[in-house]
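Chemist: First, the structure itself, so that you have it in front of you.
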Amino acid sequence: MTVASRRFGVLPLFILLTLSLASAEAEDFTFSAESMSGTMTKGKENAVLVGSAVVVSGAMTIRADRIVLYGVDFRFADCTGRVTVVDDDRGLRLSTERLFYDRTEKISRLTGPSVMEDRKNHVVVKGNYIEHDERRDIAVIQINVRILKDDISCRAEFVRFDRGANGLELSGSPYVKRGTDEYRARLIIVDLDTEDIRLEGAVSGSVNGDSEATDQGAATAPADSGQESAP
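Letter 80 of the sequence shown, counting from 1, is numbered 73 in the numbering used here, and no numbers are missing.
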């Protein structure tokens, strides 16, 4: 009986399987766990990994208490319980309560209190929902969002984080603090490299005269917004 048509029950102790997948979109990957159940039938692949479950797909390593792999060539991974993801190539470390990962589209969805550590840009992102598109290198973060980098801290209900440009778009009661300076608006755009801050709509701010904010970057409101530049 070939591997492609094999069904398996619960495998005891520590198992390790390496799969070379025919799909051009999917990478070869390995997975391991203390026990596993499911089927290897081609086109109906399903594997439930329980106990110290690990999936390695390309440069990404996923660890969780329980991981369910399913779909053609195990395209999808649904991970629960102390989930961590490390991707050294992209300089990312993720932690969450639940992770859904599409290996073909390269999309990760983190649900529950979640943290993204962007070691490339030295940014820490926190939120109750994070969706990261690896191909576009863009993350969307929602609900109780907090972002930290050096002297800048941000909070909002919705944030678009462009990792390639190292820029943020914050909406939903956005607030940015840079050093001792504080900024609020309907929309705040932050360049994390230059620390420039752009404010749009209902602009307000508070700047400490003793701070070095003007040396670190500018905070401006667009000329057509009807608001003066933030102090």
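Don't be surprised by glycine CBs; every beta carbon is placed ideally from N, CA and C. For clarity, every value in this text was computed on a predicted model and none was experimentally measured.
Can you name the start and end residues of the beta strand (DSSP E) that T77 belongs to?
Modeler: Note, T77: beta strand (DSSP E), F69 to D80.
Chemist: How far does the beta strand (DSSP E) with P106 in it reach, from first residue to last?
Modeler: I100 to D111
Chemist: In the DSSP output, what is T89 paired with across the bridge?
Modeler: V76
Chemist: State the Cα-Cα distance for the pair R68 and G172, rounded to the nearest angstrom.
Modeler: 44 Å
Chemist: For V200, which three-state DSSP category applies?
Modeler: coil
Chemist: Taking buried to mean at least 16 other C-beta atoms within 10 Å of its own C-beta, is S199 buried or exposed?
Modeler: exposed
Chemist: What residue from E175, I131, R179 and R83 has the CA that sits closest to R112's CA?
Modeler: R83
Chemist: Under 6 Å Cβ to Cβ from V41, same chain only, skipping five residues before and after it: list those, please.
Modeler: Correct list, in chain order: S30, G31 and V61.
Chemist: Between the Cα of N121 and the Cα atoms of G51, R102 and V47, which residue gives the shortest distance?
Modeler: Comparing alpha-carbon positions, the option among G51, R102 and V47 lying closest to N121 turns out to be R102.
Chemist: Answer with buried or exposed for K37, where buried requires no fewer than 16 other C-beta atoms within 10 angstroms of its C-beta.
Modeler: Sixteen is the threshold: since fewer than 16 other Cβ atoms of the shown chains lie within 10 Å of the Cβ of K37, the residue is exposed.
Chemist: R86 to V108, Cα distance in whole Å?
Modeler: 8 Å
Chemist: Mind the definition here: the region 174 to 187 touches the region 155 to 162 only if three or more C-beta pairs lie below 8 Å; say whether that holds.
Modeler: Three or more Cβ pairs drawn from the region 174 to 187 and the region 155 to 162 lie within less than 8 Å of each other, which places the two stretches in contact.
Chemist: Between F154, D71 and I55, which has its C-alpha nearest L141's C-alpha?
Modeler: F154
Chemist: Quick one: what's L180 bridged to in DSSP?
Modeler: S164 and E193
Chemist: Under a Cβ-count criterion, where at least 16 other Cβ atoms within 10 Å of its own Cβ denotes burial, should D143 be classed as buried or exposed?
Modeler: Answer is exposed; the Cβ neighbour count stays below 16.
Chemist: Comparing alpha-carbon positions, which option in E127, K99, T54 and S28 lies nearest T77?
Modeler: T54
Chemist: CA-CA distance, R156 and V118?
Modeler: Taking the straight line from one Cα to the other gives about 11 Å.
Chemist: On the DSSP bridge list, what partners appear for A52?
Modeler: Its beta-bridge partners do not exist; DSSP assigns none.
Chemist: Determine the closest residue to I100 out of D130, A46 and G64, with distance taken between C-alpha atoms.
Modeler: D130
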